[in-house]
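Chains as they are written, first to last, in the working numbering: chain X, 1 to 317; chain Z, 318 to 634; chain S, 635 to 951; chain L, 952 to 1268.
4 protein chains.
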Amino acid sequence: MSYRYAYLGPRGTFTEAAVRLLGGDGQREALPCPSIQATLDTVRGGQAELGVVPIESSVEGGVTATLDELAVGTEVAICAEVLVPVEFALLARPGTRLDDVKTVGGHPVAQPQCRRWLAANLPQADWLPAASNSDAAMQVAEGQLDAALAGVFAAELYGLVALATDVHDRDDAVTRFVAVRLPTAPPEPTGADKTSVVAFLADDHPGALMDILGQFAFRGVNLTRIESRPTGERIGRYRFFIDCEGHVAQARVGEALMGLKRICSDVRFLGSYPEAGDSQAGNVPRSGNRPTNVMPNASDEEFLEAAQWLARIRSVG
Amino acid sequence: MSYRYAYLGPRGTFTEAAVRLLGGDGQREALPCPSIQATLDTVRGGQAELGVVPIESSVEGGVTATLDELAVGTEVAICAEVLVPVEFALLARPGTRLDDVKTVGGHPVAQPQCRRWLAANLPQADWLPAASNSDAAMQVAEGQLDAALAGVFAAELYGLVALATDVHDRDDAVTRFVAVRLPTAPPEPTGADKTSVVAFLADDHPGALMDILGQFAFRGVNLTRIESRPTGERIGRYRFFIDCEGHVAQARVGEALMGLKRICSDVRFLGSYPEAGDSQAGNVPRSGNRPTNVMPNASDEEFLEAAQWLARIRSVG
Amino acid sequence: MSYRYAYLGPRGTFTEAAVRLLGGDGQREALPCPSIQATLDTVRGGQAELGVVPIESSVEGGVTATLDELAVGTEVAICAEVLVPVEFALLARPGTRLDDVKTVGGHPVAQPQCRRWLAANLPQADWLPAASNSDAAMQVAEGQLDAALAGVFAAELYGLVALATDVHDRDDAVTRFVAVRLPTAPPEPTGADKTSVVAFLADDHPGALMDILGQFAFRGVNLTRIESRPTGERIGRYRFFIDCEGHVAQARVGEALMGLKRICSDVRFLGSYPEAGDSQAGNVPRSGNRPTNVMPNASDEEFLEAAQWLARIRSVG
Amino acid sequence: MSYRYAYLGPRGTFTEAAVRLLGGDGQREALPCPSIQATLDTVRGGQAELGVVPIESSVEGGVTATLDELAVGTEVAICAEVLVPVEFALLARPGTRLDDVKTVGGHPVAQPQCRRWLAANLPQADWLPAASNSDAAMQVAEGQLDAALAGVFAAELYGLVALATDVHDRDDAVTRFVAVRLPTAPPEPTGADKTSVVAFLADDHPGALMDILGQFAFRGVNLTRIESRPTGERIGRYRFFIDCEGHVAQARVGEALMGLKRICSDVRFLGSYPEAGDSQAGNVPRSGNRPTNVMPNASDEEFLEAAQWLARIRSVG
């Protein structure tokens, strides 16, 4: 079966690399979109089954456009995630020598991530920011720039070669991408899943956040991420993006989400999906290989036993 | 319909007063038993439908024989509770004047509760302890004592009169009694109920008790009592008697008990039953008149809404 | 130096055994007292430097007379504790054979603790309760009883011999005794200490007990015991006896106690003292040999570093 | 006395408005800087006593450049904050009529905040983004644009007039600015203060964030804001920006910060400073007028009493 993937374009970016990793070996059609909102709208309108957008950078933090769109835009559901190592190469036209490089371009965030390499190897070159790394590569192909900082996979696309690889200063930077689709039943639990929600506080009484965390902790559910974002109403009003280990189909997660639902003014379920491995290597597995660390007394079996016990004491004392 | 009540005898004690309060206006047959264990065994063996025993004194604390029997004896279920004011009268044979009283008897705990009155009014009288207040009253009837400290209701039983009433120093002492029966479905929720359980700790890791309390707190269930008792195994091993507001049929209580069940090595359900009013007056209502203070976001309606929401996100995202 | 020890008498009981264990090899004078209150009053009045009373039984639980006296009587300070194994022997006059034993006596709690041995070895003997095990032994010496259940150390006192030892059914029963003195600076920390307090709740708002436990937990202090006792005012009002690991001189314990003091209507400090070993053997060490398990980030060094950091940011930002 | 204020320029922006509000009526010299880092470096290098930068928008959330610079750059201390309403006017050259406006410019974030007004009043005008609102106003002055979205205070600076005021869609948007200086003793407590810190987790064990929150909650300190930011090391590693009510000089805040210091791998103190009022009006007071809501049992008096009590029991039991 063939799927259409909308993604934050243009071609040749790390997002497109995420599409390849998420798509596996099957057939797929990839549709680059001009913005995060446009990518999600393509899914919402049915022009693509899946949309791929960045959600979090290990260097820059949450991608606010994605977070806000997921929180308040028309609902879509996360069905997969992938971690893409942010590995830069210096791309140039074939035949270019390092000494020839007088101008270097790339996305504005690329330059600080390669600062040391540039200072050591191209101290005289001028930096010229571009709309995306891919756009800089295209400018190299067109002769407007001498070299571009981009993923090595962009070279073939624009007929370039890599003068140098691994030119980034920090070798463990990674960006997390998610694939979204129209809301439907979540993918089956794999044993290593994550669940994402947005919690809107009913009020900001002291301890409100602690009450939220308690809903997870006292049911043995481990959080992997919590990020506050303003609601836009006024300073001091936040909503919380929460990722936890486990799948909504599991008892402990379901009960924690119900608890959250009761104490919050609203909760938006963003999805349960296989957890991406924490690999920094190039071949990031599509689904995680680390089984979720189930905390003591929180397995589905233990929830089931407790439910059976409750049913018994309710009926026969 | 007529019920047989076994109770901790003999006749004429505060326990028999509890039987009257619990039994309402209906027909009942009351069977005095020689001990707490004998009372419960009478229920276990089917010789009585209900057993009435003291469980807690506002002055003396938990009645350990009752607590231990409920925790580890063959299971019975608490189906009602009542609070009986501990109000002493000085009973004597008709015609006796206060000046005539040279000897006073009663249960050993009666004397310290009336110490100030005795010192002021009978400074010369000898105190002679008896097996029960009722036993002292009987000795008065038989001429072995001049007066007895007992409930005023014991007077008629033994042909005595009250020389003085309200001779106790503290005017708000109260004893809590429970009625137990063979395990069966709990009485219907009344809107003002209590639930009692015994929790056995899986281990004594730091914070174990806090984890137990959290199971209630994070589901909006209020505790009314917690008492630790040794398991008998070694110093430092305890089981906890916990009373909470609400009925096992309610969602918040059910979920809290399931949580308790998961994190404890064992939980014994002792019953859900109407809460006794906190009245100090003689006419203690059989069922409480104070509706349970449901904490925010913890009503059955809110639990139901959350469950419906969970079912929806599990099936359609 | 010689100390006078008041203790709950009479001679020949387990409490006297506790005095021996607490007193070490030094000279001491032991004064048996008729009650727990009388023992403490002897210390309060200066007739003895130390008073020894039972505080907790691994079988029976807290000794309420001791707890209540410590909580509301004139203040005394716990300065030591000891665990005494409850090991019964069958004592008789020299020359008595087991077949000769027709009557057996002891404290009322002794009989159930030796039930199985008695059933197997003296099925025909009558049980006659006494005021204390020692009193039963005395009656044996005087010929009123054939045998007594008592500690083997009572034999010599009354000129008796042990017909059998270890006649108790459960071989790990133990009673915890404390030594108290007039309030003064606590003994020096040993590295394995305990601290005891009584906490009086300001009110019984939901979560009050959890707030109390949190004062310890969030400062890395482990609780070893918590027991609720009624205040005597009305059903539902309790005070809590709390034992924690560590010494009041330690920063984490001091800060936890200050937190407790702030949130409670009152806190009574009962003392810091060396923890008794959890040994079941006869030679229980006076001070524990297990170093307190200091939780992460809760050592005095870490508290000191944090205090120095705070002083710095307060003065220079 | 005259102060030099470095601020994120250019002139005519909301940041400059913040400088005016922070500077009061005294003399001041304001130095516009090209970036947040440059602004802070001007303070670090001693070229200005104070630096003013945006830290949080009620619409956009935390200003990551400011947060990251405060967390890991050379230390500076926040000494004041101010809330500036984000109120846009449409500025044009004198004599311009609304009908004449064919092009409108401003900072990229200005356009979405005035979308509805623009659609209703200037549906045909082209939007041309500028480096800042002030830059757009300058372009209007120079005739390159017809109108600019900017604060009304920018009009005088560039010889413009306001064709319309309050053209923003949402009337309660506000940006929070802070003034920083070289680390020194914090300003005196005013009774309505805030304290800001950055907490670096020692590890990401389950419950780590709850432990952090507990350090505040169990000492009665209310949080006003918590924001997670990646450390840059890898996905799943965060540091937390925490604002709480109160001043580091207060006992409850000091103790909470010490607790945080102990359980975190590191804590950076960012400052204690007067809390800005939550006013949406133009005349935002420099220091808040709402006294901090001190939680029960958490006043300095209660901390002092507890400390005195602790000193007493440590010395005399």
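All C-beta atoms in this analysis are idealised placements derived from N, C-alpha and C, irrespective of residue type, glycine included.
Is any heavy atom in the ligand COA found nearer than 7 Å to the beta carbon of X:GLN113? With respect to small molecules bound, the structure shown includes none, and the ligand COA cannot be examined in it.
Using a Cβ cut-off of 7 Å, which residues of the region 1116-1137 of chain L contact any Cβ in chain S, in chain order? PRO1134, THR1135, ALA1136 and PRO1137
Should L:LEU1096 be labelled buried (16 or more other beta-carbon atoms within 10 Å of its own) or exposed? buried
In three-state DSSP terms, what is Z:SER513? strand
If I measure Cβ to Cβ from Z:SER604 and keep anything under 6 Å in the same chain, skipping five residues before and after, which residues do I get? Below a pLDDT of 50, predicted positions are generally treated as unreliable, and Z:SER604, at 39, falls in that range; the measurement from the model is reported next regardless. Closer than 6 Å at Cβ, skipping near neighbours: THR507 and PRO591.
Please state the DSSP three-state secondary structure of Z:THR420. strand
Along the chain, where does the alpha helix (DSSP H) containing L:THR990 start, and where does it finish? For L:THR990, the uninterrupted alpha helix (DSSP H) run begins and ends at 987-995, by DSSP.
State the DSSP-derived secondary structure class of L:THR1116, mapped to helix, strand or coil. strand
Could you spell out the range, first to last residue, of the beta strand (DSSP E) harbouring L:GLY1165? Looking at the DSSP string, L:GLY1165 is not in any beta strand (DSSP E); the run it does join, the alpha helix (DSSP H), is 1159-1168.
Buried or exposed, going by whether 16 or more other CB atoms sit within 10 Å of the CB of S:THR676? buried
Does the beta carbon of L:ARG962 come closer than 8 Å to any beta carbon on chain X? no
Alpha-carbon to alpha-carbon, S:LEU835 and S:GLY841: C-alpha separation (whole angstroms): 11 Å.
Residues of its chain near Z:SER582, where Cβ-Cβ distance is below 7 Å and the 5 sequence neighbours each way are ignored: PHE517, LEU518 and ALA519
Distance, Cα to Cα, X:GLN280 vs Z:ILE630? Any answer about X:GLN280 is weak, because its pLDDT of 37 lies below 50 and its placement is not dependable; what the coordinates show is given next. Each residue's Cα considered, the two are about 33 Å apart.
Mapping DSSP to helix, strand and coil, what is S:GLU939? helix
Spatial neighbours of L:PRO1247 within its chain, please: C-beta separation below 6 Å, excluding the five flanking residues on both sides. none
7 Å CB neighbourhood of L:GLU1000 in its chain, flanking five on each side removed: TYR954, ARG955 and ARG1132
Just the Cα atoms here: how many angstroms apart are Z:PHE620 and S:PHE903? 43 Å
By Cβ distance below 8 Å, which residues in the same chain neighbour Z:ALA472 in space, the five residues on each side in sequence not counted? ALA406, LEU408, ALA454, VAL478 and ALA479
On the DSSP bridge assignment, give the partners of X:ARG234 in chain order. Looking at the DSSP assignment, X:ARG234 forms no beta bridge with any residue, so it has no partner.
Identify which residue in Z:GLY363, Z:GLN441 and Z:THR492 has its Cα closest to the Cα of Z:GLU333. Z:THR492
So, with DSSP's three-state summary, where would you put L:PRO1063? Looking at L:PRO1063 - three-state DSSP - the assignment turns out to be helix.
Output yes if chain L places a C-beta closer than 8 Å to the C-beta of X:SER228; else output no. It does; some Cβ of chain L falls within 8 Å.
Who pairs with L:GLU980 in a beta bridge, going by DSSP? Answer by DSSP bridge pairing, in chain order: L:ARG955.
In chain order, what residues of the region 682-697 of chain S put their CB closer than 8 Å to some CB of chain Z? Of all residues in the region 682-697 of chain S, GLU690, SER691, SER692, VAL693, GLU694 and GLY695 have a Cβ within less than 8 Å of some Cβ in chain Z.
Taking its Cβ as the centre, do 16 or more other Cβ atoms sit within 10 Å of Z:LYS419, making it buried, or is it exposed? exposed
Are the beta-carbon atoms of X:TRP127 and X:VAL104 separated by less than 8 Å? yes
Quick one: what's got a C-beta closer than 7 Å to Z:THR482's C-beta in the same chain, skipping five residues either side? ALA406 and VAL469
Could you name the residues of the region 549-570 of chain Z whose beta carbon sits closer than 8 Å to any beta carbon of chain S, in the order they occur along the chain? Legend: CB atoms of the region 549-570 of chain Z lying less than 8 Å from CB atoms of chain S belong to residues GLY549, GLU550, ARG551, ILE552, GLY553, ARG554 and TYR555.
Any idea what DSSP makes of L:ASP1251, helix, strand or coil? helix
Quick one, which of S:GLN671, S:GLY729 and S:VAL653 has its alpha-carbon nearest S:GLU663's? Comparing Cα-Cα distances from S:GLU663 to each of S:GLN671, S:GLY729 and S:VAL653, the minimum goes to S:VAL653.
Can you find a C-beta in chain S that's less than 8 Å from the C-beta of Z:THR541? yes
With 16 other Cβ atoms within 10 Å as the buried cut-off, status of L:ASP1051: exposed
From the DSSP output, in three-state form, read off L:VAL1091 for me. helix
Does the beta carbon of S:GLY848 sit closer than 8 Å to a beta carbon anywhere in chain L? yes
Give the DSSP-derived three-state secondary structure of S:ASP805 in the structure shown. coil
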